Amino acid sequence: IYRGHIYSVNSLAWAPDGQRIASGGGGKAVQIWDAAEGHFIFAYRGHSAPVNAIAWSPDSKIIASGSEDKTVQVWDVVTGYNIFTSRDHSSVVTAVDWSPDGGLLASANGDGYVQLWDTSSGRKVDSYRHSSPVRAVAWSPDSTCLAFGGDDGTIQVWVVS
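Numbering-wise (this note's numbering), the sequence shown opens with residue 804 and increments by one.
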């Protein structure tokens, strides 16, 4: 049992290399844990509100975290250095997912928008609209399609160019 969160745990993600687990929640921090030993490694404290979503980069070196503070923050897991912060969401960030090829990050919010970010520059490259708050986003294994679903019970699938 990993103990360290004072408030609720809202999101969990295994590193693709299997060595660490990231957890986020009501305490506004993302905590990094050694998966084998269960001990605490590091806490990223860049958010000003609870963390709702976490995604690891495919190489297990970078994390994207989405929060009720309406930001998506991308940061280095070893140093804690903030690579970029997006403040473009108009509502709480509900989901994030890294494309398997590492080139794009998808983030979704409670107003029904999904945004795509170039992970090397931090620049927004596209935006999609859903008819309700979006709760989940997922990439196809070949990074060519993005699926997202929301409170209206529907899933949209888009080809990403």
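Backbone N, C-alpha and C define an ideal beta-carbon position, used for all residues, glycine too. None of these values were measured; they are calculated from a predicted model.
Under the DSSP assignment, residue 941 falls in the beta strand (DSSP E) whose first and last residues are 937-942.
Linking residue 862 to residue 831 through their CA atoms gives a straight-line distance of about 25 Å. Between the alpha carbons of residue 816 and residue 857 lies a distance of about 6 Å. Contact between residue 835 and residue 848 does not hold, since their C-beta atoms are separated by about 12 Å, which reaches or exceeds 8 Å.
Unbroken beta strand (DSSP E) stretches of 3 residues or longer found wholly inside the segment 842-921: 843-847, 854-859, 865-870, 875-879, 885-889, 896-901, 907-912 and 916-921, given in chain order. Within the same chain, and ignoring the five residues on either side of residue 907 in sequence, the residues whose Cβ sits closer than 6 Å to its Cβ are 919. Residue 929: member of the beta strand (DSSP E) spanning 927-932, first to last residue. Under the criterion of beta carbons closer than 8 Å, residue 897 and residue 936 qualify as touching, at roughly 7 Å. Looking at the DSSP output, residue 964 bridges to nothing.
A Cβ-Cβ contact shorter than 8 Å links residue 895 with residue 855.
Here the alpha carbons of residue 821 and residue 838 stand approximately 7 Å from one another. By DSSP's assignment, residue 824 forms a beta bridge with 817 and 836.
Taking C-alpha positions only, residue 914 is separated from residue 953 by approximately 10 Å.
The closest CA to that of residue 819, considering only 846, 903 and 850, is found on 903.
Taking every protein chain shown into account, the CB of residue 866 has 16 or more other CB atoms within 10 angstroms, so this residue is buried.
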